[in-house]
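Presented below is the structure to which this report refers.
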Amino acid sequence: MAKYVITYTDAKEWSYILDGIAVIVEEAAFSLRQDGLALRALDPSRTAMVDLFIPKEGFEEYPEVESEVKIGVNFKDFRKLLRRLRKGDKISLELEESKLRVKLIGKSTRSITVPLLEVAAEELPTPKVVYTATVKTASDVLDQAMKDADAVADAVKFDVDEEALYIRASSDKGEVEVKLDKGGELVYEFDVKEPASAVFSLEYLVDITSRASRVSDIATIELATAKPISLTFDIPAGGKLTYFVAPRVE
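Pasting the structure below:
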């Protein structure tokens, strides 16, 4: 295997992206493609999917790739390597043969070499959902709504109509409602073709919004009645981190 080198300018941001992936899977394979770096993986229960794409322009250094190259990693171990990063560090990934060298480049250069994992490849199509509502808001607003819901229940309901998005949770512990009005200060896009309603377990949503909100200031929510929710977070350097979570059947 030829040597491939990828350099990402902000190592801290890269660590947040890895945290966002690790919510869903422990192990997965990046795809080094001609147009950029991609990853798509399902959780073990097959109820949640993470979909990452960063175009080659989002990297300080990106190799010429003739055919797709797989980079299998354990995200728990990878994240441990990044505990040593410092503010202002860049990260460089050097792939050669069956090894991956991770370099943190700042006032000094620190590197560690780890073996690549053989990760079973599964071609996962994008979920075929026709979404009827799209709401774009501040990611920390969505994150706080999930935390509030988690304080009283183990599931959360999204309801959207032509005027507002409602995020609700209730149990014997109490009730929570967060309302995002069309035209509200922190509602950047509001497009509802028809009302939608769906209930989701908070098992993943709390961790997804907590970690992905560190990557991006903006969250795009896509809904359709009783269909998987789509949550997309724009990556500052370019690209997107998207999640799909299946609804809970009431």
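For the sequence shown, the tail end lands on 250 under this note's numbering, and the numbers increase by one without skipping.
Beta carbons are placed, not taken as given, at the ideal position from N, Cα and C, and that holds for glycine.
Hey, out of Ser31, Gly58, Leu104 and Val249, whose CA is closest to Ala155's CA? For the residues Ser31, Gly58, Leu104 and Val249, the minimum Cα distance to Ala155 belongs to Val249.
Under three-state DSSP, which class holds Ala22? The answer is helix: DSSP assigns Ala22 an H, G or I state.
Cβ neighbours of Ala246 in the same chain (closer than 6 Å, five flanking residues each side left out): The residues are Thr47 and Pro228.
So, helix, strand or coil for Gly36, using DSSP? In the structure shown, Gly36 sits in a strand (DSSP, three-state: E or B).
DSSP three-state call for Lys80: helix, strand or coil? Residue state, collapsed to three classes: helix.
Can you give me the C-alpha to C-alpha distance between Tyr8 and Val50, rounded to a whole angstrom? One C-alpha to the other measures close to 20 Å.
Thr109 lies in the beta strand (DSSP E); which residues open and close that run? Per DSSP, Thr109 belongs to the beta strand (DSSP E) from Thr109 to Pro115.
Which runs of the beta strand (DSSP E) at least 3 residues long sit entirely within the region 203-232? Give them in chain order. The region 203-232 contains, as complete beta strand (DSSP E) runs of 3+ residues, the segments 218-223 (chain order).
Taking Thr220 as the reference, give the member of Lys128, Val141 and Ile71 with the closest Cα. Of the listed residues, the one whose Cα sits closest to Thr220 is Val141.
Taking 8 Å as the threshold, find out whether the region 111-129 comes into contact with the region 197-206 through three or more Cβ pairs. The region 111-129 is not in contact with the region 197-206.
Validate contact between the region 176-191 and the region 132-151 using beta carbons, cut 8 Å, 3 pairs: At 8 Å Cβ cutoff, the stretches touch.
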